[in-house]
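See below for the structure under consideration.
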Amino acid sequence: MNTYLTLLIILPVFAAFLMYFFRKADNWVNIAIMSFVTLFGTVSSLVMLFSQGMEVVALGGWKPPYGIVLVGDQLSLIFVALIYLIAYLIAQFGGIERTKTNDHKSGALFMLLTAAAAGMILTGDLFNFFVFMELAAISSYVLIAKGGCRSSYTGALKYIFTGGLASMLMLLGIGILYNTTGTLNIAHLMVRIGLVGDSLRWLALGLVLCGILLKMEVFPFNLWVPESYKGAPAGMKIVLGSILSTVGGYALIRLYPILIQNPGLIKMLLPLALLSLILAELAAYREKHINRLLGYSSAGQMALVMLAILFGGRIGIYAAIFIVIAHAMAKAVLFFVGAHFKESTGSSMWESYRGLSKISPIGAALFTIAALSLTGIPGMMGFWGKLSMIGAGLASAKYFSIAIILIITIVEGVYFLRISGTLYQSTESDVKAKASYLLIPAVILVLIIVLVGFWPGCISKIINGGVSAAERSSEYAKLVLDYLL
Amino acid sequence: MSNPRISRYIFSLILTVLLGYAVFAALGTQGGTLRFGPHSPASRISGAMIEKNIEGARPNLTAKNHTGPSNVNFAPGSKGLENGAANIVSSIVADYRSFDTFGEVLVLFAAVTGFMLLLPDKKGKNKGVTSEAPNFVLAKAAPIVFAFAMITGVYISFNGHLTPGGGFAGGAVIATGILILVLSGNEFNSQLLSLTETIAGLLFLAVGAAGLVLKGNFLQNVIPTGVLGYIFSSGIVLALNLIIGLKVGAELGSLILAGGKKEI
Amino acid sequence: MFTILYTISLVLALIGIFGMISQKNLIKILISLNILETGVNLFLVTAGWSAEAKVPIITGKLGLPAAVNFVDPLPQALVLTSIVIGLGITAVALALILRYYRKTGSLTLEPSEFQAGGER
Numbered sequence: 001m002n003t004y005l006t007l008l009i010i011l012p013v014f015a016a017f018l019m020y021f022f023r024k025a026d027n028w029v030n031i032a033i034m035s036f037v038t039l040f041g042t043v044s045s046l047v048m049l050f051s052q053g054m055e056v057v058a059l060g061g062w063k064p065p066y067g068i069v070l071v072g073d074q075l076s077l078i079f080v081a082l083i084y085l086i087a088y089l090i091a092q093f094g095g096i097e098r099t100k101t102n103d104h105k106s107g108a109l110f111m112l113l114t115a116a117a118a119g120m121i122l123t124g125d126l127f128n129f130f131v132f133m134e135l136a137a138i139s140s141y142v143l144i145a146k147g148g149c150r151s152s153y154t155g156a157l158k159y160i161f162t163g164g165l166a167s168m169l170m171l172l173g174i175g176i177l178y179n180t181t182g183t184l185n186i187a188h189l190m191v192r193i194g195l196v197g198d199s200l201r202w203l204a205l206g207l208v209l210c211g212i213l214l215k216m217e218v219f220p221f222n223l224w225v226p227e228s229y230k231g232a233p234a235g236m237k238i239v240l241g242s243i244l245s246t247v248g249g250y251a252l253i254r255l256y257p258i259l260i261q262n263p264g265l266i267k268m269l270l271p272l273a274l275l276s277l278i279l280a281e282l283a284a285y286r287e288k289h290i291n292r293l294l295g296y297s298s299a300g301q302m303a304l305v306m307l308a309i310l311f312g313g314r315i316g317i318y319a320a321i322f323i324v325i326a327h328a329m330a331k332a333v334l335f336f337v338g339a340h341f342k343e344s345t346g347s348s349m350w351e352s353y354r355g356l357s358k359i360s361p362i363g364a365a366l367f368t369i370a371a372l373s374l375t376g377i378p379g380m381m382g383f384w385g386k387l388s389m390i391g392a393g394l395a396s397a398k399y400f401s402i403a404i405i406l407i408i409t410i411v412e413g414v415y416f417l418r419i420s421g422t423l424y425q426s427t428e429s430d431v432k433a434k435a436s437y438l439l440i441p442a443v444i445l446v447l448i449i450v451l452v453g454f455w456p457g458c459i460s461k462i463i464n465g466g467v468s469a470a471e472r473s474s475e476y477a478k479l480v481l482d483y484l485l
Numbered sequence: 001m002s003n004p005r006i007s008r009y010i011f012s013l014i015l016t017v018l019l020g021y022a023v024f025a026a027l028g029t030q031g032g033t034l035r036f037g038p039h040s041p042a043s044r045i046s047g048a049m050i051e052k053n054i055e056g057a058r059p060n061l062t063a064k065n066h067t068g069p070s071n072v073n074f075a076p077g078s079k080g081l082e083n084g085a086a087n088i089v090s091s092i093v094a095d096y097r098s099f100d101t102f103g104e105v106l107v108l109f110a111a112v113t114g115f116m117l118l119l120p121d122k123k124g125k126n127k128g129v130t131s132e133a134p135n136f137v138l139a140k141a142a143p144i145v146f147a148f149a150m151i152t153g154v155y156i157s158f159n160g161h162l163t164p165g166g167g168f169a170g171g172a173v174i175a176t177g178i179l180i181l182v183l184s185g186n187e188f189n190s191q192l193l194s195l196t197e198t199i200a201g202l203l204f205l206a207v208g209a210a211g212l213v214l215k216g217n218f219l220q221n222v223i224p225t226g227v228l229g230y231i232f233s234s235g236i237v238l239a240l241n242l243i244i245g246l247k248v249g250a251e252l253g254s255l256i257l258a259g260g261k262k263e264i
Numbered sequence: 001m002f003t004i005l006y007t008i009s010l011v012l013a014l015i016g017i018f019g020m021i022s023q024k025n026l027i028k029i030l031i032s033l034n035i036l037e038t039g040v041n042l043f044l045v046t047a048g049w050s051a052e053a054k055v056p057i058i059t060g061k062l063g064l065p066a067a068v069n070f071v072d073p074l075p076q077a078l079v080l081t082s083i084v085i086g087l088g089i090t091a092v093a094l095a096l097i098l099r100y101y102r103k104t105g106s107l108t109l110e111p112s113e114f115q116a117g118g119e120r
């Protein structure tokens, strides 16, 4: 078990180094390596998730809080399984877009990105989180720019500068936290956070959150979103929407026990999240370019996750985890299907998808189901997330926020249904369905979405385990710190 | 606003001043407790790292018998410590928090790979960054300086656990040697550098995997730590410093080669 | 002394932030980012510093290593890591800026907007 948890991070790294030796080989060799690694990660993290509770690995043999630990509890294993599943689907079907030259380099960067995402989720150390965050960031800058058009470069540059600013602020926050509490271990930090004076704790946590909010695409840090989503290659869009934002959501959930000790910070973050939600969804409503629209919608959904966490309580965390999972799956479906439409029609403007349901009925159906799930229609996975979210809002008496969420949900439903309506319009067109293999991963994910939609009981036990792991900070701290003592 | 530039400056200034005010005000409330040193030495996790006392078996390092090199005179108690590096920063970088260093090496690997991937794909030869021919002194001195840079780089990597330095500093010095060669118009085999980089990366993984297989934890030390202050001591710190030196040298070298192509 | 040191490092970081927000030229933004990095790194090292303490290298003359005797070595190790990360980001950013310049012939992200102000 110990070994498998470590392998989740180092196996992709090994694959990244290995790709150099296959640089002259055919493309399928790279795909085979990437698929094998990510499939292994998916299976082993699922096995660990279902088998037992908590696993702590002391890297280098140094016991926590001194050394760096990997913590595999219910919460982190859910998310590792999720990102590995999506990474597998990207590696096998969608593909980090490949050119003739430098195949192995994109593949190596994708593997490093996967390792970094898994590392960010599994690590129990704040500075190690920062290091893996930068690894993920650098790989994604390059992979976005691989798109090769003007908006790829613009998006990547905006992302680099916003990301650089946010991560340096985060490092400043980590420095302040270390110097006042004398520790970097997250569990140890939960115990010692009281040592920091009120206003300094407010500042330090705010600075640390900058890095996480960047990944979650929350308002001041989401200036890079539209261009990056527009210009990135097909596979990278899914990475941005479904893997990196998921990791951001996870990090916020993990820091929840530290966060709730600061009511002042929550008061400040709540309007920020609401503003982010409104801006993102209104921008999506006006958008004609499908990928930018999906990017804005991502930012909106992540703002929703943040709101759920800020509502707090068991049910708030439950809603946050549920929405993150539902969003990651639905967004991956939408991007896969979007790439399929793009290949078929040669256009990224959704208004030109008129009558596509005739040519690609499955694609249109998948798109509609995923969009409905994102909106939160009963019978889909997203519904249960939105429902618990409303419950959390009612429990914490945040009626104004609930009203805004409901209004914005309608906006969201309108712009998604508009696209679906366009797809089902009956017009004559002579386009042919191309790249239909992109629908295979979408079908797999939609099956999960519908299954969970009708029978949420099948994963609610796991999510409840995750909620307990996230919420009971004292147990988490005890389990991590008592390890090997 | 008639002049967008000035309004932008004013906006930025206000934002920066607000942020600065928040930072300074918050730091001011904490008084002097941000300080390390006499104030709170043992309360930080680094306290145990300095004392090499994480495992709880506090070694006795009193200076008595003169058994080692001239600057080292520790009692036999300094043999087989939990970590044998005299340079405490090195002991943290390459042993206590070696997983951070692992991530750091990967960051550099990703950056170099991305740099190569993003540079325009032209078949330029690695023939110097300037169009002018190198002058006489540079041309003649470059091979000599290269040799000294290599020796210094390897020395710094090799002594990283005893003196200030380590793999990253050593690798950077090695890369300056390559830079001098490129500046003087010499060729350098970039394929060799890529191969070195990959092999060094695999070696890093191998050292980590050895700990995983033999002791049960990734990057755990499996080499005897020796006597504090000797060159062959400190186990994994020395091994990782050498590997990092090789890898960083090769990576920065290929950055220089790729950036130094004439027809960028 | 301590207050002066960390004030200077934070001011340096703030100068970097100001540059990043106010500048439009990509190279200038990158330089500002590097200034910000330097400031943050200096802050980390400074906060572990103490006038009475020594360099964190054990030598025979010091004898028993006790935490009180040394400057905090952990921030120094962290800064080592963050410097390398900064190098990586700078390298990738420079390559990207080069690529962007080849593609568009401009060094600002919005070429038309600020040309009236005489800025390139």
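Residue numbers (my numbering), protein chains in the order written: chain C, 1 to 485; chain H, 1 to 264; chain S, 1 to 120.
Positions of the beta carbon are idealized from the N, C-alpha and C atoms, including for glycine.
Run down chain C in chain order and give the residues with a C-beta less than 7 Å from the C-beta of residue i.
{"i": "GLN37(S)", "result": "Inspection of the sequence shows that residue 37(S) is occupied by Glu rather than by Gln. Chain C residues near GLU37(S): MET168."}
Taking CB distances under 8 Å as the criterion, tell me whether residue i reaches chain H.
{"i": "PHE22(C)", "result": "no"}
{"i": "ARG99(S)", "result": "yes"}
{"i": "LEU5(S)", "result": "no"}
{"i": "PRO233(C)", "result": "no"}
{"i": "LYS63(C)", "result": "yes"}
{"i": "GLY105(S)", "result": "no"}
{"i": "THR81(S)", "result": "yes"}
{"i": "TRP350(C)", "result": "no"}
{"i": "ASN2(C)", "result": "yes"}
Counting only Cβ pairs nearer than 9 Å, list the residues of chain S close to residue i.
{"i": "GLY153(H)", "result": "None at all; the shortest Cβ gap to chain S is about 16 Å."}
If you follow the alpha helix (DSSP H) that residue i is part of, which residue opens it and which one closes it?
{"i": "LEU119(H)", "result": "Taken as a continuous stretch (DSSP letters only), LEU119(H) belongs to no alpha helix (DSSP H), as it is neither H nor E."}
{"i": "LEU126(C)", "result": "126-145"}
{"i": "VAL29(C)", "result": "27-51"}
{"i": "GLU343(C)", "result": "313-345"}
{"i": "GLU471(C)", "result": "457-471"}
{"i": "GLU110(S)", "result": "Here GLU110(S) belongs to no alpha helix (DSSP H), and DSSP marks it neither H nor E."}
{"i": "GLU37(S)", "result": "26-47"}
{"i": "VAL17(H)", "result": "4-29"}
Establish whether the CB of residue i and some CB of chain S are separated by less than 8 Å.
{"i": "THR16(H)", "result": "yes"}
{"i": "ASP100(H)", "result": "yes"}
{"i": "ILE309(C)", "result": "no"}
{"i": "GLY249(H)", "result": "no"}
{"i": "TYR296(C)", "result": "no"}
{"i": "VAL222(H)", "result": "no"}
{"i": "GLU104(H)", "result": "yes"}
Mind checking if residue i is an interface residue toward chain C, Cβ cutoff 8 Å exclusive?
{"i": "ILE121(S)", "result": "Examination of residue 121(S) is not possible in this model, given that chain S is present from 1 through 120 alone."}
{"i": "SER43(H)", "result": "yes"}
{"i": "LYS52(H)", "result": "no"}
{"i": "VAL71(S)", "result": "no"}
Is the Cβ of residue i closer than 8 Å to any Cβ of chain A?
{"i": "LEU12(S)", "result": "In the structure shown, chain A does not exist; the protein chains are C, H and S."}
Would you mind reading off the limits of the beta strand (DSSP E) that contains residue i?
{"i": "GLU251(H)", "result": "Counting along the chain, GLU251(H) falls outside any beta strand (DSSP E), though it belongs to the alpha helix (DSSP H) covering 236-259."}
{"i": "LEU223(C)", "result": "Taken as a continuous stretch (DSSP letters only), LEU223(C) belongs to no beta strand (DSSP E), as it is neither H nor E."}
{"i": "VAL490(C)", "result": "What is shown of chain C runs 1 to 485, which leaves residue 490(C) out entirely."}
Whose Cβ in chain H lies nearer than 8 Å to the Cβ of residue i?
{"i": "VAL45(S)", "result": "Within 8 Å Cβ-Cβ: nothing; VAL45(S) doesn't reach chain H, min ~11 Å."}
Residue i versus chain S: which residues are under 7 Å apart at the beta carbon?
{"i": "GLY164(C)", "result": "LEU33, ILE89"}
Given that residue i touches chain H, what residues does it touch there, using C-beta distances under 7 Å?
{"i": "SER22(S)", "result": "ARG8, TYR9, SER12"}
Exercise. Would you be able to state if there are at least three C-beta pairs under 8 Å between the segment 90-106 of chain H and the segment 200-208 of chain H?
Key: yes
Exercise. Scan the segment 336-418 of chain C and note each continuous alpha helix (DSSP H) run of 4 residues or more that stays entirely inside, going in chain order.
Key: 356-359, 361-375, 381-395
Quiz item: Does the segment 397-412 of chain C come within contact of the segment 299-309 of chain C, defined as at least 3 CB pairs closer than 8 Å?
Solution: yes
Exercise. Count the C-beta pairs between the segment 9-24 of chain H and the segment 12-28 of chain S that are closer than 8 Å, then say yes if the count reaches three, no if not.
Key: yes
Quiz item: Does the segment 36-46 of chain C come close enough to the segment 202-212 of chain H that 3 or more CB-CB pairs lie under 8 Å?
Solution: no
Quiz item: Hey, is the segment 439-452 of chain C in contact with the segment 286-293 of chain C, meaning 3+ C-beta pairs nearer than 8 Å?
Solution: no
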